[in-house]
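Line by line, the protein sequences give chains A and B.
Heads up: the first sequence begins at 16 in my numbering, then just goes up one per residue.
Heads up: the second sequence begins at 16 in my numbering, then just goes up one per residue.
Using N, Cα and C, we set each Cβ at its ideal position, and we do this for glycine too.
Since the model is a prediction, treat every value here as computed from it, not as a measurement.
Protein chains: 2
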Amino acid sequence: MIYTVGEMAKKLNVAPSTLRYYDKEGLLPFVERSGGGIRMFKDADFEYLAVIECLKQAGMVIKDIKVFIDWCIEGDSTIEQRLNFVDNQRRAVIKQIEQMQQTLKMLEYKHWYYETAKKAGTCSVHSDMNEEAVPQEFRDVREKVKGLPCVK
Amino acid sequence: MIYTVGEMAKKLNVAPSTLRYYDKEGLLPFVERSGGGIRMFKDADFEYLAVIECLKQAGMVIKDIKVFIDWCIEGDSTIEQRLNFVDNQRRAVIKQIEQMQQTLKMLEYKHWYYETAKKAGTCSVHSDMNEEAVPQEFRDVREKVKGLPCVK
DNA sequence: TATTGACTTAAAGTCAACTTCAAGTTGTAT
DNA sequence: ATACAACTTGAAGTTGACTTTAAGTCAATA
């Protein structure tokens, strides 16, 4: 099965211009062209672009992705670099997940905070709430944001 | 304890210009000034900025953070909006964590891929590797990237 | 074969989030 | 009192990741 840039873009739920941009930046050296110069995406390219999407969403910038692809093209002489690269990326993602989980904890606290405030009709229920009324899992977060100006 | 913009920036490990930018964008309405106009950050502002950092790293844009802060200032009449906002944000973060875990899985596969290739001195060990030699946890990822042009 | 919608490129435009610059002010240390 | 590092502002510049525009080409259909 062969797809034009528009068809592949629809499959990936991105704008066609995004794929053209990736191509221009050297991220798609494997995409072949028709005699008239039209890009012909294959099914494997869908998975390939999904991997790129994955790396991007992990916080990798396009230039770094290009570096990695260039190493892949260069062949076995760059295995060490690629191992290194993947390792750094892996560590960065682990760190990011940890941070995200911190953020989630805070948002869950805030969720409880505003649910409670909503029931009471005012945020001031929280200022004279005794420790026991605060669910166990929120006590440490609450302690941290206690002194904040307003955005608890 | 009181800090200047430079001192607080150092504590937060950001550039002073970043804090001035946040201030200009309305993210720091609680930071007071000296008679001469110099920002005076307090200890509570450190926690406050840490929360902002958290929201930012969760993918929230500065304008949205400002909207939230403005709601906080407005008071109890905006509790419902804030609950809604926090809830959406929470859902988005959960989704992001799930995606990150997918990415991590892929990077762990690649880590194994290049470790193995390094030992063998070539990536071609993978093309004629039988299923049993692939660790259980990598088999599904491997299947997905099997047909990829080069960047497996 | 003519039309038409989707493709092509290069170049310019946009947006968020900063950063840098220029010109001037503050406040501490000698 | 004077120097000097760090502060202030507004405005312009930068970077990354696209998006839009303009001018033209391709290829499937009537």
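Taking 8 Å as the cut-off, the beta carbon of A/L64 is found no closer than this to the beta carbon of A/I80. Proximity of the stretch 98-107 of chain A to the stretch 48-67 of chain B falls short of the contact definition, fewer than three beta-carbon pairs being nearer than 8 Å.
Excluding sequence positions up to five before and after A/I77, its CB lies within less than 7 Å of the CB of E40, L42, all in the same chain and listed in chain order. Comparing alpha-carbon positions, the option among A/S32, A/A24, A/D91, A/G51 lying closest to A/E62 turns out to be A/A24. The straight-line gap separating the alpha-carbon atoms of A/K161 and A/K125 is approximately 12 Å. The closest CA to that of B/Q151, considering only B/Y129, B/K110, B/L27, B/K120, is found on B/K120.
DSSP, read as helix, strand or coil, puts A/E47 in strand. Going by beta carbons, B/I67 and A/M115 fall outside the 8 Å limit.
In this structure A/I84 is buried. Its beta-carbon is surrounded by 16 or more other beta-carbon atoms within 10 angstroms.
A residue is called buried once 16 or more other Cβ atoms fall within 10 Å of its Cβ, and A/T118 is buried on that count. Counting along the chain, B/K57 sits inside the beta strand (DSSP E) bounded by residues 54-57. With a beta-carbon spacing of about 7 Å, A/D91 and B/G136 fall inside the 8 Å limit used to define contacts. Residues T131, A132 of the same chain have their beta carbon placed closer than 7 Å to that of B/V140, with the five preceding and five following residues left out of the count. Per the coordinates, the alpha-carbon of B/Y18 lies some 12 Å from the alpha-carbon of B/P31. In this chain, the alpha helix (DSSP H) harbouring A/H126 covers 94-135. Bridge partners of A/Y18 according to DSSP: A/F56.
Not flagged as an interface residue toward chain A: B/R48, since no C-beta distance is shorter than 8 Å. In the three-state reduction of the DSSP assignment, B/P31 falls in the helix class.
At a cut-off of 8 Å, the C-beta of A/V66 has a neighbouring C-beta in chain B.
Contact of A/T137 with chain B is assigned, a C-beta pair being separated by under 8 Å. Counting only Cβ-Cβ distances below 7 Å, B/K125 has contacts in chain A at V101, in chain order. For the 8 Å CB-CB criterion, A/V108 and B/L163 do not form a contact.
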